[in-house]
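Chains as they are written, first to last, in our numbering: chain P, 1 to 241; chain Z, 1001 to 1624.
Cβ atoms here follow ideal geometry from the backbone N, Cα and C, with glycine treated the same way.
For clarity, every value in this text was computed on a predicted model and none was experimentally measured.
Working notes, structure below.
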Ligand SMILES: Cc1cc2nc3c(=O)[nH]c(=O)nc-3n(C[C@H](O)[C@H](O)[C@H](O)COP(=O)(O)O)c2cc1C
Ligand code: SF4
Ligand code: SF4
Ligand code: FES
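Below is the structure:
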């Protein structure tokens, strides 16, 4: 038996145990998200996927869907807040999109377009962060890291490796590498790791392939983020149910 | 990262039993032991622990970089942490820190070259009614003044061991100024748990019912728990840790949960600046707190309780262990409590300096030996808490109240207070008043009445419930403290007419920036942006646009942040704008907009590099 809830008035069917975000994506309704990945445990940290249920905010990536619930998602107020959260992610790091090899393939950038971000609005923080280019095939540019812990989870849950962790607290927290020297070259990372593949930004990239596709022919140049994400989700569901 | 002169870890780890040394859940507690022994955690220790526990080194380092009281770098033989709550600041802690650093010839935040001493600031240490305060080698020193600072500096310079320091330095007073029905006559140890057992007929002779003896015993125990739960419901007790969740509902959920062992956790993190009631309860009424946990164990069917005590209260360890031991001797704890089949015991665990660890799921992770990052909202701790087992988390004062309710009945308890806030409450009063300390009132007392009783007739403002609570001005002193109105932890920090409320705002903004765990975007960035805007105003460079921006960021945090810290870390901003508008207006330039970028300040680095500070190296004229 399937149940259903209402997303901005639209009826969304769901299966027992699904979250609001899963059910919405399954029904072809895109909700912006950066830290959530269908194949990983949800993390509830980027806060883009917030929806309002009975007047209260909840992250839809962790909120269980419930029968008959009325969920507000695509409202001007929430969209403005999602835009602001995205802007925060940009001013927190050092994102020089025009010179970044990930430009056009970057989910952070694509999300910025999706939420209608025109400028960074908030004062840039210009943090000083260490780059790790020690590994022959994988580059870690912490300037572009949004602390979503996708790599942390993917390395643990999918690669079975635990290459990454977060160190520090608050604004000073940083992505750390699990190796005797704290450098990638002495870690168990490989360019085929899901941790590298799933990083939504240019923080973790495979070396020597950055400009294989010219600008204009990259992932989000051709199709919108929402279209791609919904298709990927549907494929994933078809495979794993 | 580690100094070459780091003390080797001789056989210290060998002293820890191997089964504990290899248990990752004990990681934080062992790191605290090492920190106390060596005043840092040497890398060899971190490596060896990681190896023995079978966890990545990066995880051990993750804890060292998260908890304020753990450090990978060597600290002085004497480590001094000055409490930096606004009340400490009001009574001169800045001048005292400067004096201390000067006398000791050490820079704030650094270790002296000879390794003798290091001086730091830390968040409120819970001694606000007897501040300014500090911790010396993790022990509290109160009532600091110039004379005391000079004597401490001399003792450090003369390398006198702490045990030979004057005992009066370390005196922590309870200062209970007013007690009401609950704490006027404390419950005798055992009376609450006895009442709970009696409700089920636990002390009836076994033949009193038509059951086999062992079944009868279990049946009595079971029924007692159910009946006591009813009393908790009748009392309408709500949590004293801030959120005010109904205790009966929480206990029933855990009682009904089928899966796994059940746990009872007592939250004694007491990190909300200005709050010190749990310290007083655990000093003077520890029996009532432990008894409340035991009663909870009876109700929810748990055998293990853990008291999570903030690092700042380390000095209470021995006292609390003594109380636990005397309870064991009196058969009030341990196996077969009061001769029944009830088994319950309590252990102590310590935090290591992180306000967020008072948030219940962060506390659970900390007790599991991890970084104290709040978990995602579901599943709730009552279903999957500590070690993924059904878990009750309650505040110290909530457990003390449960003891009273069990002993005297729910109806008796509910007789006091207001419609939605039953019973009495401990209020922590500090700041500009004649009689700071603990005051017990029935819920619903007005701020005005508290101010009168503590001798604060000329207050211009009060912070109710700590920095995450509510800031009120004179027009609101008739508001009352209860869940219907001014909720919170029962904390009142009082600000006299001579105070600059902007300093209050700044202190809170820096506190939240320091304590944000960093998990979620709106709080990680929001607390920093708020603090930066406050600094901009401090320099007299604010503009109306910035005020608008402060409100926007606050609104964003309120809706979008993951946990209570980020959701409330903006109250002091929006409320001070509303209630003390002059402190902001005074710091504005008349223009509509002033860029955050300050060209002269941006040249600071260049001045540092070139060693110049003459007027030619500045854009604006400087005073010689
Ligand atoms: C940032 C933050 C800090 C908290 N600190 C404490 C604390 O120090 N002590 C406490 O009892 N509750 C604290 N709480 C509330 C706990 O999460 C939890 O609600 C409480 O311990 C439940 O106990 P109660 O129902 O008895 O109040 C804090 C909450 C947040 C969000
Ligand atoms: S490196 Fe990438 S995946 Fe990892 S936390 Fe940073 S942005 Fe997220
Ligand atoms: S609101 Fe702040 S403290 Fe809470 S999870 Fe987010 S970053 Fe951490
Ligand atoms: S996708 Fe839900 S919080 Fe990031």
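Between the beta-carbon of residue 145 (chain P) and that of residue 201 (chain P) there is about 7 angstroms, and that keeps the pair under the 8 angstroms contact cut. Note on residue 238 (chain P): under 16 other CB atoms within 10 angstroms of its CB, so exposed under the neighbour-count rule. Residue 1143 (chain Z) places its beta carbon 8 angstroms or farther from that of residue 1104 (chain Z). Contact check for residue 1511 (chain Z) against residue 1584 (chain Z) fails: the beta carbons are separated by 8 angstroms or more. Of all residues in the segment 1202 to 1228 of chain Z, none comes within less than 9 angstroms of chain P when Cβ atoms are compared. Within chain Z, not a single residue places a beta-carbon under 8 angstroms from that of residue 53 (chain P); the smallest gap is close to 12 angstroms. Residue pairing for residue 11 (chain P): DSSP places it in a beta bridge opposite P:6. For the segment 1479 to 1491 of chain Z, the beta-carbon criterion of a distance under 7 angstroms to any beta-carbon of chain P is satisfied by none of its residues.
Exclusion of the five residues before and after residue 1257 (chain Z) leaves 1382, 1383 and 1390 as the residues of its chain whose Cβ lies within less than 7 angstroms of its Cβ.
Within chain Z, no residue has its CB atom less than 8 angstroms from the CB of residue 39 (chain P), the nearest being about 17 angstroms off. Residues of chain P whose Cβ lies closer than 8 angstroms to the Cβ of residue 1532 (chain Z) are, in chain order, 123. By alpha-carbon distance to residue 1035 (chain Z), the top candidate from Z:1433, Z:1353 and Z:1573 is Z:1353. Uninterrupted alpha helix (DSSP H) stretches at least 4 residues long and entirely within the segment 1185 to 1225 of chain Z occur at 1191 to 1199, given in chain order. CA-to-CA, the gap between residue 1048 (chain Z) and residue 1497 (chain Z) works out to about 56 angstroms. Residue nearest to residue 1618 (chain Z) within the set Z:1610, Z:1554, Z:1603 and Z:1434 is Z:1603 (criterion: CA-CA distance). Classified as buried, residue 1250 (chain Z) has 16 or more neighbouring CB atoms from the shown chains inside 10 Å of its CB. For residue 1345 (chain Z), the enclosing beta strand (DSSP E) begins and ends at 1345 to 1350. DSSP, read as helix, strand or coil, puts residue 141 (chain P) in strand. Selection around ligand 4 by beta-carbon proximity, strictly under 6 angstroms to any non-hydrogen atom, yields P:33, P:34, P:35, P:36, P:44, P:45, P:46, P:47, P:48, P:49, P:59 and P:61 in chain order. Shortest gap from the CB of residue 165 (chain P) to any heavy atom of ligand 2: 7 angstroms or more. Annotation: residue 1565 (chain Z) to residue 214 (chain P) spans about 45 angstroms, alpha carbon to alpha carbon.
The C-beta distance from residue 57 (chain P) to residue 1560 (chain Z) rounds to 7 angstroms, short enough to fall under 8 angstroms.
With a cut-off of 7 angstroms, the C-beta of residue 1606 (chain Z) is classified as distant from ligand 1, since no heavy atom of the ligand falls inside that distance. Per DSSP, residue 1317 (chain Z) is not a residue of any beta strand (DSSP E); the alpha helix (DSSP H) it occupies stretches across 1317 to 1329. For residue 1395 (chain Z), the enclosing beta strand (DSSP E) begins and ends at 1391 to 1395.
With a 10 Å radius around the Cβ and a threshold of 16 neighbouring Cβ atoms, residue 1582 (chain Z) comes out exposed. For residue 111 (chain P), the Cβ stays outside the 7 angstroms cut-off from all heavy atoms of ligand 2.
Using a cutoff of 7 angstroms, the CB of residue 1394 (chain Z) counts as near ligand 1, since one of the ligand's heavy atoms is closer than that. Under the three-state reduction of DSSP, residue 119 (chain P) is assigned to coil, being neither helix nor strand. Boundaries of the alpha helix (DSSP H) around residue 90 (chain P): 76 to 92. In the DSSP assignment, residue 1502 (chain Z) falls within the alpha helix (DSSP H) that extends over 1501 to 1515.
Residue 163 (chain P) sits in coil when the DSSP states are folded into three classes, being neither helix nor strand. Residue 239 (chain P): member of the alpha helix (DSSP H) spanning 225 to 240, first to last residue. Annotation: the continuous beta strand (DSSP E) that includes residue 1431 (chain Z) extends over 1424 to 1431. Residue 1472 (chain Z) places its beta carbon less than 8 angstroms from that of residue 1461 (chain Z). Chain-ordered, the chain Z residues with CB closer than 8 angstroms to the CB of residue 45 (chain P) read 1519, 1520, 1521 and 1562.
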